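A.B. asks: In this note's numbering, the protein residues as written are 549 to 879. Glycine is no exception: its CB is placed at the ideal position from the N, C-alpha and C atoms. Computed from a predicted structure; not experimentally measured. Below you'll find the structure I mean.
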Amino acid sequence: MTELARVKISALGTYVPPRLLTNADLEKMVETTNQWILERTGIYERHMVDKGVATSDLALEAAKKALCERKIEASDLDTIIVATVTPDMLFPCSACLVQHKLGAKQVWGFDMNAACSSFLYALQVGANLVATGAHHKVMVIGADVMSSIIDYTDRATCVIFGDGAGAVILEPAEDSLGLIDFLYEIEGAGGVSLYMPGGGSLNPSSHETVDKKMHYVHQDGQAVFKFAVKKMAEVCETLLKRHGLTGQDIDAFIPHQANKRIITATADRLGMPEEKVVINIDRYGNTTSATIPLAMDTARQEGKLKKGDLVLSAAVGAGFTVGAALFRWAF
Ligand SMILES: CC(C)(COP(=O)(O)OP(=O)(O)OC[C@H]1O[C@@H](n2cnc3c(N)ncnc32)[C@H](O)[C@@H]1OP(=O)(O)O)[C@@H](O)C(=O)NCCC(=O)NCCS
549 MTELARVKIS ALGTYVPPRL LTNADLEKMV ETTNQWILER TGIYERHMVD KGVATSDLAL
609 EAAKKALCER KIEASDLDTI IVATVTPDML FPCSACLVQH KLGAKQVWGF DMNAACSSFL
669 YALQVGANLV ATGAHHKVMV IGADVMSSII DYTDRATCVI FGDGAGAVIL EPAEDSLGLI
729 DFLYEIEGAG GVSLYMPGGG SLNPSSHETV DKKMHYVHQD GQAVFKFAVK KMAEVCETLL
789 KRHGLTGQDI DAFIPHQANK RIITATADRL GMPEEKVVIN IDRYGNTTSA TIPLAMDTAR
849 QEGKLKKGDL VLSAAVGAGF TVGAALFRWA F
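Structure below.
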């Protein structure tokens, strides 16, 4: 078991682009209804970038807010890890773009992609960098412009996703507050259920890949749903059990926001009362790498997250990737 109790989240900043895409807007674009989307996903609206705004722009705004909250300069950071499935381009990595835009010349960094589990995986990697003592201030950013890879004529996927970003700063903890434990696993056989086939080395972008819509998200919704419902609860239970805890001991459950039904099914199985479960999918949709920091912010705003609170976070993503984190909120 990895004990990472001496690393804490010391600041949080989030950003979503101002433009809204509501269910009413989608009713005009594809054959769907507000009622279907709300009942099947829990989503009412999501935010979307304007043309020319990319993932690094959203990441930058979230990063600036986290730095402002912590009252430090970008140059005080050691490392920037950007979790994303929609980098501005394949390379340079988004961490380089964000570092440059922040003017943080000496700061190291890199990207991570584990689809919807990206933020939790980056949190784990960032925490390990701090836990070794080699890094003192690591910024983990989850940012995605999902609207750049969604087919807005495909009603099964276009209603789900949104754009957004969230950043946290990781530092050594002086007290017992902070990160306690992580659990993670991947299930590669699930790759066929959720993927974007075009634009990589297997299917480099061409007229043919674009004609075949290979540059968009392809999803077997039911397969993903079934796996997510089973796995979210399973990893949470295993992680809690490892520490002699149950869902009742958790002060705030901050899950990845993929579908409201997945979240409530998980919370029910863990025996968590509704008021401890953080849900903001109605406002943001699934922002992939940004859902968990955005949900942390919602939890703060709704008074569900106070210093010392025991928090459980979990995600399932394309791959399949699975992750869970247990921590005490430290500020
Ligand atoms: C995508 C998802 C919302 C679909 O909901 P569902 O209840 O499973 O719906 P199904 O896929 O079984 O489709 C049921 C019907 O609704 C239709 N439908 C799909 N999208 C629709 C929409 N936006 N509006 C209206 N009808 C829609 C389907 O075509 C299907 O019609 P049919 O029965 O005539 O074939 C759901 O499967 C889901 O959330 N899956 C997980 C996705 C996810 O989390 N992805 C990110 C992973 S991190």
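Could you check if Met-549 is buried or exposed, using at least 16 other CB atoms within 10 Å of its CB as the buried criterion?
C.D. replies: Annotation note: pLDDT 45 at Met-549 (below 50); position unreliable, no value reported.
A.B. asks: What are the start and end residues of each continuous beta strand (DSSP E) run of 3 or more residues lying completely inside the region 610 to 674, in chain order?
C.D. replies: Listed in chain order, they are 627 to 631, 656 to 660.
A.B. asks: State yes or no: is the C-beta of Val-693 within less than 8 Å of the C-beta of Ala-610?
C.D. replies: Result no, Cβ atoms of Val-693 and Ala-610 do not sit closer than 8 Å.
A.B. asks: Helix, strand or coil: which one does DSSP assign to Ile-708?
C.D. replies: Three-state result, Ile-708: coil.
A.B. asks: For Lys-852, is the classification buried or exposed, using 16 other Cβ atoms within 10 angstroms of its Cβ as the cut-off for buried?
C.D. replies: Buried, because 16 or more other Cβ atoms sit within 10 Å of the Cβ of Lys-852.
A.B. asks: With a Cβ-Cβ cutoff of 8 Å, do Val-889 and Ala-614 count as a contact?
C.D. replies: Residue 889 falls outside the range modelled here, since the chain spans only 549 to 879, and no answer is possible.
A.B. asks: So which of Phe-879, His-804, Gly-833 has the shortest CA-CA distance to Gly-871?
C.D. replies: Of the listed residues, the one whose Cα sits closest to Gly-871 is His-804.
A.B. asks: Between the region 637 to 652 and the region 590 to 600, do three or more beta carbon pairs fall short of 8 Å?
C.D. replies: Contact fails: fewer than three Cβ-Cβ distances are below 8 Å.
A.B. asks: Give every residue of the same chain whose Cβ lies closer than 8 Å to the Cβ of Ala-704, excluding the five residues on either side of it in the sequence, and list them in chain order.
C.D. replies: Around Ala-704: Gln-767, Gly-769.
A.B. asks: What I want to know is whether the C-beta of Val-870 ends up closer than 7 Å to one or more non-hydrogen atoms of ligand 1.
C.D. replies: Val-870: no, Cβ never under 7 Å from ligand 1.
A.B. asks: Can you check whether the CB of Ile-629 is closer than 8 Å to the CB of Phe-658?
C.D. replies: Result yes, Cβ atoms of Phe-658 and Ile-629 sit closer than 8 Å.
A.B. asks: So Thr-632 and Ser-623 are supposed to be a Cβ contact under 8 Å. How far apart are they, rounded?
C.D. replies: Contact doesn't hold; Cβ gap of about 23 Å is too wide.
A.B. asks: With a Cβ-Cβ cutoff of 8 Å, do Ala-800 and Lys-824 count as a contact?
C.D. replies: The answer is yes: Cβ separation under 8 Å.
A.B. asks: Going by beta carbon distance, what residues of the same chain come within less than 6 Å of Leu-552, once the five residues before and after it are set aside?
C.D. replies: Note that Leu-552 has pLDDT 48, beneath the 50 cutoff, so the model's placement of it is unreliable and no number is given.
A.B. asks: Among Met-687, Tyr-743, Asn-807, Asp-729, which residue has its Cα nearest to the Cα of Asp-884?
C.D. replies: The requested residue 884 is not part of the displayed model; the chain covers only 549 to 879.
A.B. asks: According to DSSP, is Phe-875 part of a helix, a strand, or is it coil?
C.D. replies: Residue state, collapsed to three classes: strand.
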